[in-house]
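Note sheet for the following structure.
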Amino acid sequence: MTTSTHLKLPFILPAQAGKHVTHNEAIAALDTLAQLAVLDRDLAAPPASPAEGDRYIVAAGPTGAWAGKAGQIAAWDGAAWLFHAPEPGWIAYLVDESGIVVWTGTAWQPTVGLDGKVPRLGINAAADDTNRLAVDSEAVLFTNASAGVQVKLNKHSSGDTASLLYQTSFSGRAELGTAGDDNLHIKVSPDGSAWTEALVVDTSGKVGIGTASPAVKLDVDGPIRCKPYTVAGVPAASAGAGQMIFVSNEAGGATLAFSDGTNWRRVADRAVVS
239 MTTSTHLKLP FILPAQAGKH VTHNEAIAAL DTLAQLAVLD RDLAAPPASP AEGDRYIVAA
299 GPTGAWAGKA GQIAAWDGAA WLFHAPEPGW IAYLVDESGI VVWTGTAWQP TVGLDGKVPR
359 LGINAAADDT NRLAVDSEAV LFTNASAGVQ VKLNKHSSGD TASLLYQTSF SGRAELGTAG
419 DDNLHIKVSP DGSAWTEALV VDTSGKVGIG TASPAVKLDV DGPIRCKPYT VAGVPAASAG
479 AGQMIFVSNE AGGATLAFSD GTNWRRVADR AVVS
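Numbering (the working numbering), first residue to last: 239 to 512.
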């Protein structure tokens, strides 16, 4: 065996000439791999002007002098790039992310950083720079700590979007949130491309159906439909004054009716429905 098992440090062999060369190579490799701190793990090509001793984790799809070295440690010795294939359990500190990653045997996986932060977290799923938290599960539970519980979506400014997007096969079908302003929007889509704004609640509490700018408490851009009742089947008027219904067989003809708290009255002439 000419190298050590884990760090692949070269051994000085019996009667070897130039022992200092082998020794220096081992010291250089040890200097690279012990207390491993890499400057970046997202580069697929070497930086233009590396400093001696700079170390990187080679990103996927590498090119140039790093071609074919994805996942390996690349170290600049002042003249050339030297590469070290990681072993399962190797740990590296990411200088640019202030985080720690560990080699699993197939990938560098993040662990909790020194500040308690994890740059990406995948739970049964692969997280990325867009979806920094990814969960593949049939359900997600947020429970309380002996009181209430809130889920917060905090956007940077009013013109940004904070919303829940409901998808079918990763194509949007419904969206609920503050999209592009501070009003609450509910939008729907049949295909993920064409969207219809179904309802808006502005910051003063006005509700718009079919309109993005409600002018009164309930502003409907289009016809509305009340449930039809027969005279014999109207609900109790005493349930609340101001209710509206449609009476289909009133003596004077089908009519809208409202409750005064005691009786149902025709909208047209306020006569009691009969």
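Virtual Cβ for every residue (Gly too), placed ideally from N, Cα, C.
- In the displayed model, A312 falls within a strand according to three-state DSSP.
- Closest option to A330, judged by alpha-carbon separation, among A275, L391, E376 and K355: A275.
- For A330, the enclosing beta strand (DSSP E) begins and ends at I329 to L332.
- Considering only P357, A282 and Q310, the residue with the shortest C-alpha distance to T344 is Q310.
- Restricting attention to K444, A383 and T449, the CA atom closest to the CA of T434 is found in T449.
- Rounded to the nearest angstrom, the gap between the Cα atoms of G446 and A417 is 15 Å.
- Counting along the chain, no beta strand (DSSP E) covers K444, and no H or E run does either.
- K257 counts as exposed, since fewer than 16 other beta carbons sit within 10 angstroms of its beta carbon.
- In chain order, P357, R358 and L359 place their CB closer than 8 Å to the CB of R370, counting only its own chain and leaving out the 5 sequence neighbours on each side.
- Secondary structure at W433: coil, using DSSP grouped into helix, strand and coil.
- The beta carbon of V472 sits closer than 8 Å to the beta carbons of I483, V485, A495, W502 and V511 from its chain, once the five residues preceding and following it are set aside; these are given in chain order.
- Residue pairing by DSSP leaves D367 without any beta bridge partner.
- Nearest Cα to G415 within the set P284, A282 and L437: L437.
- Beyond the five residues adjoining it in sequence on each side, P326 comes within less than 7 Å, by CB distance, of W341, T342 and G343 in the same chain, given in chain order.
- In this structure, E413 sits away from L422, with a CB-CB distance that is not shorter than 8 Å.
- Taking 8 Å as the cut-off, the Cβ atoms of D278 and D315 do not count as close.
- Here L414 carries a strand assignment [DSSP, helix/strand/coil].
- Here the alpha carbon of P324 sits roughly 19 Å from the alpha carbon of F249.
- Bounds of any beta strand (DSSP E) do not take in R463, whose DSSP letter is neither H nor E.
- Cβ contact annotation for T301 (same chain, cutoff 7 Å, sequence separation greater than five): A282 and A283, in chain order.
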